[in-house]
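Okay, so the sequence shown: first residue is 26 according to the working numbering, each after it adds one.
Here the structure is laid out as structure tokens; the discussion comes afterwards.
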Amino acid sequence: MVENLSYLHKSHSLWLSDIERPKFPKLVDKHNADVVVIGGGIVGVTTALLLQEQGYNTILLEARSLASGASGHTSAKITSQHQVKYSEILKEVGLKKTQLYVKASNAGASLIRQLINKYKIECDYQELPAYVYTTNSQHLASLKQEQQAANKAGLNYEFVKNIESLPFKIAGALQLTGQAQFNPVKYIYGLANAFIKLGGHIYENSRVSKISIANPAWAFTRDGLVETNKLVIATHFPIYDFYNGFTARLHGERSYVIAIKPNSPQPKGIFITADRPILSLRTMIYNGEELLLVGGCGHSTGLYQKSVSPYRILMERIKKFYPHAELIATWSAQDYISLDKLPYIGRLVPWYGEALVATGFAKWGMTMGSVSALILANLVKNNEHPFKKVFSPSRADMLYKFMNLMQNGSRFFKHLVISRIKHQTTELSNIAKGDGGIINYNGKAVGVYRDFNGKLHAVKPYCSHLGCMLSFNKAEKSWDCPCHASRFNYDGSVIESPTRINLETIVLKGFYNGTDKKD
26 MVENLSYLHK SHSLWLSDIE RPKFPKLVDK HNADVVVIGG GIVGVTTALL
76 LQEQGYNTIL LEARSLASGA SGHTSAKITS QHQVKYSEIL KEVGLKKTQL
126 YVKASNAGAS LIRQLINKYK IECDYQELPA YVYTTNSQHL ASLKQEQQAA
176 NKAGLNYEFV KNIESLPFKI AGALQLTGQA QFNPVKYIYG LANAFIKLGG
226 HIYENSRVSK ISIANPAWAF TRDGLVETNK LVIATHFPIY DFYNGFTARL
276 HGERSYVIAI KPNSPQPKGI FITADRPILS LRTMIYNGEE LLLVGGCGHS
326 TGLYQKSVSP YRILMERIKK FYPHAELIAT WSAQDYISLD KLPYIGRLVP
376 WYGEALVATG FAKWGMTMGS VSALILANLV KNNEHPFKKV FSPSRADMLY
426 KFMNLMQNGS RFFKHLVISR IKHQTTELSN IAKGDGGIIN YNGKAVGVYR
476 DFNGKLHAVK PYCSHLGCML SFNKAEKSWD CPCHASRFNY DGSVIESPTR
526 INLETIVLKG FYNGTDKKD
């Protein structure tokens, strides 16, 4: 039995704690730019820097602070070994497109190395071999299939029977040398510093509430607006979805990370299981000390089924191999996966080249997000790139992934219509500190979270995107949408797109100071 984890009132990424992050002003009044980049993660900041290098007057708008979203919560592996993806996408899209995917991933990794060297960015970059492994001999055949598919696509996988630095035996693994890991937040702020020195402008706490893709294009925030020739939407899930139907073509998934001090020798490499349940391992440097990051427990956003915290599950799993491990921190990430598992990079609307988008990196955002920046910068310049067609957002993936599309539609119907008619409620007295649930209040469903001081926080539990019933994520103290993966803090504020509108808060009348102590 592992130690009680209830003291972890709120998870927090160590990446975001490891450096003193500079602050950037809020956008106020009217501005002009050649290009506006919306989103301050790895895609947005890299794209902005590449454009500024080419002489474009570029403004970057970020809703919160740089790297505060997926890029600050990633496992930050710089690798073209994407678990066991190649046998799957080879079957789905054919050899040529799979080869282009490999070339794109390699190009993303190469760009990261180039920018680190060019701008002398200190970000704990370390080259290591990557391994996808199995502990089950019955899965060796599928692992060999993955090796064949990956090598056909242009990688050089080597099958190994043992990994000495792991504290457990494996049945086999695929090794890919020359991969890397780094601190993504240090890297992104290094890019941002270079961007500013080249004359670029960054505005934080400047959530874009509306865009216009006429000519000229516009980006509007609460306190300001920018007139521009080109728009790049790098918001993880696109904030504008008029034509491409991303809500039906992207599937949101959450995964969890614990940072531990193993108190025993660390594994040497980047690791992920080939089979489920997935276990991801990599080291990180924090305050001069080497920690181990353990990831897994993935699930569709809004649909976590277990009563046990994912952090507890991860700790119990890793304690089998590191019995003296100390838990240091926990956090989680959100990823979006396309119908055919390839990202969408290119024109937001097929007939209009002034608005571009990148999304759907399927958990491999460091390499695929970086190559997105290369593609987007080229498209701004001359509308051409060798990877343009394979990743086009308007490609016909809906035609041959009809069943996936139907599953997404069925999930939407269930949580929009059926959940409103038939949903589980609980009594307010059953909601413990640090937990949340839906209660019946004056004949209406109300989402309630009880914080660790006993105070109640109530919201209308319907997603402000399209109205689906939300579910409470106890591990993250958030309200999550199972339809299109929008997420909200317990106070109703937006955490994840596609929505841009906070939840309506509710005052529970008849309760003293927000607790269930009556007046």
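Ideal Cβ placement from N, Cα and C applies to all residues, glycine included.
Cross-strand partners of residue i (DSSP beta bridge)
i	result
R372	L381
S546	Beyond the ends of the chain as shown, which are 26 and 544, falls residue 546; an answer cannot be given.
D460	R475
K55	L250
R307	L318
Y515	Partner(s): none; Y515 has no beta bridge.
H285	Position check: residue 285 holds Ile in this sequence, whereas His was assumed. For I285, which the question treats as bridged, DSSP gives the partners L317, L352.
L199	V157, F184
L256	V61, A380
V484	G472, T530
W243	S237, E252
Coarse secondary structure for residue i, derived from DSSP in three states
i	result
Y150	coil
R279	strand
V251	strand
I343	helix
V118	helix
A132	helix
V333	coil
I531	strand
G225	coil
H490	coil
Y156	strand
N218	helix
Y466	strand
H324	strand
S234	strand
I353	strand
S167	helix
Q106	coil
L86	strand
E409	coil
S31	Summary for S31: the model assigns pLDDT 48, below 50, so the residue's position carries little reliability, and this model does not support an answer.
Q17	It is not possible to answer for residue 17, since the shown part of the chain is limited to 26 through 544.
I362	strand
A387	coil
I44	coil
Cβ-based neighbour list, residue i, same chain, cut-off 6 Å, excluding 5 preceding and 5 following
i	result
P287	L317, Y347, A350
G294	L153, P154, Y156
S231	K51, L52, L86, T246
V374	Y268
I310	D149
Q170	S112
N57	E252
S237	W243
S38	G97, H98, W356
G179	Q124, V127
Distance between beta carbons of residue j and residue i, contact taken as under 8 Å
i	j	result
G65	A92	7 Å
A174	A358	Their Cβ separation, rounded to whole angstroms, is 26 Å, which puts A174 and A358 out of contact at 8 Å.
G371	S325	Between S325 and G371 the Cβ distance is about 26 Å, and since that is not below 8 Å, they are no contact.
L304	V319	7 Å
G249	K55	7 Å
L381	L404	6 Å
I213	I221	Going by Cβ atoms, the distance from I213 to I221 rounds to 13 Å, so no, they are not a contact pair.
A129	F412	5 Å
E379	K255	5 Å
F193	T160	7 Å
Buried or exposed (CB count within 10 angstroms, at least 16 for buried), residue i
i	result
K388	buried
I526	exposed
I443	Summary for I443: the model assigns pLDDT 49, below 50, so the residue's position carries little reliability; its value from the coordinates is reported in the next sentence. I443 should be labelled exposed.
N208	buried
H107	buried
A239	exposed
A166	exposed
Q172	buried
T450	exposed
P418	buried
L495	buried
F513	buried
K121	exposed
Spatial neighbours of residue i in its chain, beta-carbon cut-off 8 Å, leaving aside the 5 residues before and after
i	result
S522	T260, H261, F262, P263, I264, S511
G224	Q77, N82
L125	P411, F412, V415
E147	K211, G215
Sequence-distant residues of its chain with Cβ nearer than 7 Å to residue i (five each side left out)
i	result
A132	V396, L399
E501	S36, S357
V68	A259, A383, G394, S397, A398
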